[in-house]
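Numbering (full-length UniProt numbering), first residue to last: 1 to 533.
One structure below.
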Amino acid sequence: MVGTRGPVPVTQKSDVAQDVLDLLDTKSPLHSSDAFPSISQPEIKAALDRLASRSMVQYETSDKEQIVLTKEAETIVQEGSHEFKVWDAVKQHGGLPIKELSKYVSTDSAKVGQGRAFANKWIKKDGDKLVLVAEEVQDTAQELLKGIQETKSISDAKLLADLKKRKLITLQKVISYTITKGPKYAKEIPVEVTDLTADMLASGEWDTANFKPYNFNALGAPQNSGALHPLNKVREEFRNIFFNQGFVEMPTSHYVDSGFWNFDALFVPQQHPARDMQDTFFISDPPQADKPHPDPEIEATMNAMEAGSRKLFATPNKKETKPRDYEQYWKNIKEVHQNGAFGSIGYRYPWSEDESLRLVLRTHTTAVSTWVLHRLAEDPRPARYFSIDRVFRNETVDATHLAEFHQIEGVIADFGLTLGGLMRFLEDFFSKMGIEGLRFKPAYNPYTEPSMEVFGYHTGLGKWVEIGNSGMFRPEMLEPMGLPKDLRVYGFGLSLERPTMIKYGVSNIRELLGHKVDLGFIESNAAVRLDKN
Numbered sequence: 001m002v003g004t005r006g007p008v009p010v011t012q013k014s015d016v017a018q019d020v021l022d023l024l025d026t027k028s029p030l031h032s033s034d035a036f037p038s039i040s041q042p043e044i045k046a047a048l049d050r051l052a053s054r055s056m057v058q059y060e061t062s063d064k065e066q067i068v069l070t071k072e073a074e075t076i077v078q079e080g081s082h083e084f085k086v087w088d089a090v091k092q093h094g095g096l097p098i099k100e101l102s103k104y105v106s107t108d109s110a111k112v113g114q115g116r117a118f119a120n121k122w123i124k125k126d127g128d129k130l131v132l133v134a135e136e137v138q139d140t141a142q143e144l145l146k147g148i149q150e151t152k153s154i155s156d157a158k159l160l161a162d163l164k165k166r167k168l169i170t171l172q173k174v175i176s177y178t179i180t181k182g183p184k185y186a187k188e189i190p191v192e193v194t195d196l197t198a199d200m201l202a203s204g205e206w207d208t209a210n211f212k213p214y215n216f217n218a219l220g221a222p223q224n225s226g227a228l229h230p231l232n233k234v235r236e237e238f239r240n241i242f243f244n245q246g247f248v249e250m251p252t253s254h255y256v257d258s259g260f261w262n263f264d265a266l267f268v269p270q271q272h273p274a275r276d277m278q279d280t281f282f283i284s285d286p287p288q289a290d291k292p293h294p295d296p297e298i299e300a301t302m303n304a305m306e307a308g309s310r311k312l313f314a315t316p317n318k319k320e321t322k323p324r325d326y327e328q329y330w331k332n333i334k335e336v337h338q339n340g341a342f343g344s345i346g347y348r349y350p351w352s353e354d355e356s357l358r359l360v361l362r363t364h365t366t367a368v369s370t371w372v373l374h375r376l377a378e379d380p381r382p383a384r385y386f387s388i389d390r391v392f393r394n395e396t397v398d399a400t401h402l403a404e405f406h407q408i409e410g411v412i413a414d415f416g417l418t419l420g421g422l423m424r425f426l427e428d429f430f431s432k433m434g435i436e437g438l439r440f441k442p443a444y445n446p447y448t449e450p451s452m453e454v455f456g457y458h459t460g461l462g463k464w465v466e467i468g469n470s471g472m473f474r475p476e477m478l479e480p481m482g483l484p485k486d487l488r489v490y491g492f493g494l495s496l497e498r499p500t501m502i503k504y505g506v507s508n509i510r511e512l513l514g515h516k517v518d519l520g521f522i523e524s525n526a527a528v529r530l531d532k533n
């Protein structure tokens, strides 16, 4: 019975490993593509690995490309080509108006078939009608595809490329195995013991038992565990850098803010281009924000954050101070914009309260920095703050820009600060990311003066690239808060996405953030160290 076994039929449910042993008894070597044409490659591979681990068989793997017809091509094999259908419809009706062709053949066949039937000189136009040119034709496209379906191959490289371009065929890798008998070949798989029991130890049976060998090549069961997004990994690295330098994290949990905190308190004029619809998302409901006022929840969060930092760095606790005067702050901002104040001539335009109270999706986390600095006016002292969170800009989405992204921002307040000190700090800060030899370029920001763009040399791109922006906050921003004149404040910022894209080799930001992100990439990406190039 064994000697008469042929290829295993698809309907037969059998032990593939045993089938291999049976067939090897009469034929060796054995080719899997001939012996098991209907059994899937992974199933054959699993059976061969099972036998090879016991030295019962040996096998070699080979792979080749095989031509496979697409669904469209299979339809052509069954029903005829598009051009033949068009020709047949014209012949059956003794000519057809062009507009009526889609009544007798599908829309796709009408579009593709006309052109090919014209090229083959099977039909022609006669006014607005299609008429026959050839009374009899041969459907060579159908015959060609039938031949390919049978042989799974084609010798003409040009024809192969043309059929691939027309999406009639695809190339598919086919893996097969050449199987021979191993040194421990047997017609049956011996019974194997999988567990060592106390009874076997007591009776001595373990000494002669045939234990099932471990398959160290087998893959373990996939573990459905969570994975940190690359942005979160890089974000955590930045947070550690800030914490190690004595910074306190600012509360940035709200995305919607008023124009007052997002623009006016930063000395951004109400006519500034960044405030129009091209750069800002405005909120329509509710139509307006309240005037600046205390927020107990955010105050409590900030107090908790500062308390931990004070304890860590042995900083004196916050003094008892009088509550901040939000109404006076509101008046100071209006005055410095409209008429000038605190040594500035201002912008000299009629400042609008309604414009200041418009709600926006925050365009930068500097809106939070402003609130924190205003809070610092209660107890002016050296302080360091940072934030990493989402901001929103009404920008055209492309490979390097999104309408929402993450901004990293740092703020340092102290007495006697200078621009040179800011440059020295930035050199130290970016060196912790492996970026050395910075260059600085003068820039303009409404709320910093002087301002500088920060450039670093990108070895991969072979050029200098902008990596951040920085400056010293203007008196028109700080003094209305009630901060003393000799208290200076550094501000600097950069995006989170750009260093993440560089570290993980991502060229399109839409593959890093948004609905197009590959979950496999998220699960498999490595940890990151910013100080390692």
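Every residue, glycine too, gets a C-beta built ideally from N, C-alpha and C.
Owing to the predicted nature of the structure, the values given are computational and were not obtained by experimental measurement.
Annotation for ARG116: no beta strand (DSSP E) segment contains it, though the alpha helix (DSSP H) segment containing it runs 107-119. By DSSP's assignment, LEU96 forms a beta bridge with LEU130. For GLU65, the enclosing beta strand (DSSP E) begins and ends at 57-69. Counted as a single uninterrupted DSSP element, the alpha helix (DSSP H) harbouring LEU426 occupies residues 419-431.
By the CB criterion at 8 Å, ILE189 and SER32 fall outside the cutoff. Assignment of GLY410 by DSSP, reduced to helix, strand and coil, places it in the strand class.
According to the DSSP secondary-structure assignment, THR178 is paired through a beta bridge with HIS31 and GLU60.
GLN78 is classed as exposed because its beta carbon has fewer than 16 other beta carbons within 10 Å across all chains shown. Secondary-structure assignment with DSSP links GLU466 through a beta bridge to PHE455. Membership of SER102 in any alpha helix (DSSP H) is not indicated, and neither H nor E is assigned to it by DSSP. The segment 227-247 makes no contact with the segment 61-79; the number of CB pairs closer than 8 Å stays below 3. Looking only at SER356, ALA341, HIS337 and THR170, the smallest Cα-Cα distance to ASP257 is reached by SER356. Assignment of GLY471 by DSSP, reduced to helix, strand and coil, places it in the strand class. In this structure, GLY456 and PHE440 do not form a Cβ contact; the two beta carbons are roughly 11 Å apart against a cut-off of 8 Å. Rounded to the nearest whole angstrom, the C-alpha separation of GLY259 and ASP354 is 9 Å. For the pair GLN149 and ASP88, the Cα-to-Cα distance works out to about 24 Å. One thing to note: LEU422 has its Cβ within 8 Å of the Cβ of TYR490. A direct Cα-to-Cα measurement between GLU83 and ALA161 gives close to 20 Å. Residue environment for ARG166: exposed (fewer than 16 other C-beta atoms within 10 angstroms of its C-beta). Under DSSP, PHE211 takes part in a beta bridge, and its partners are VAL193.
In the DSSP assignment, the residues bridged to ASN445 are THR448. Restricting attention to GLU409, THR363 and LEU48, the CA atom closest to the CA of TYR255 is found in THR363.
With respect to the 8 Å criterion, SER495 and PHE405 are classified as neighbours on the basis of their beta carbons.
Under the DSSP definition of a beta bridge, LYS503 lacks any partner. By the criterion of a C-beta distance shorter than 6 Å, VAL57 is surrounded in its chain by LEU51, ILE179 and GLY182, once the five residues flanking it on both sides are discounted.
From the listed residues THR365, PHE492, LYS212 and PRO499, the smallest Cα separation to PHE263 is found for THR365.
Put simply, the backbone Cα of GLN142 is about 35 Å away from that of THR61.
Per DSSP, SER495 lies in no alpha helix (DSSP H) segment; the continuous beta strand (DSSP E) that holds it begins and ends at 487-495. Secondary structure of ILE345 (DSSP, three-state): coil. Burial is judged here by how many other beta carbons sit within 10 angstroms of a residue's own beta carbon; LEU402 has at least 16 and is buried.
Sorting TRP261, ALA17, GLY204 and PRO213 by C-alpha distance to the C-alpha of LYS187 places ALA17 at the top. Closest by C-alpha distance to GLU466, out of TYR349, ILE435 and GLU335, is ILE435. The DSSP assignment places complete alpha helix (DSSP H) segments of no fewer than 4 residues inside the segment 356-384 at 366-376, in order along the chain. Your pair LEU101 and VAL86 checks out as a contact, with CB atoms roughly 7 Å apart and the cut at 8 Å. Per the DSSP secondary-structure output, GLU404 pairs in a beta bridge with PHE392. Shown here, ASP257 sits in a strand according to DSSP, grouped into three states.
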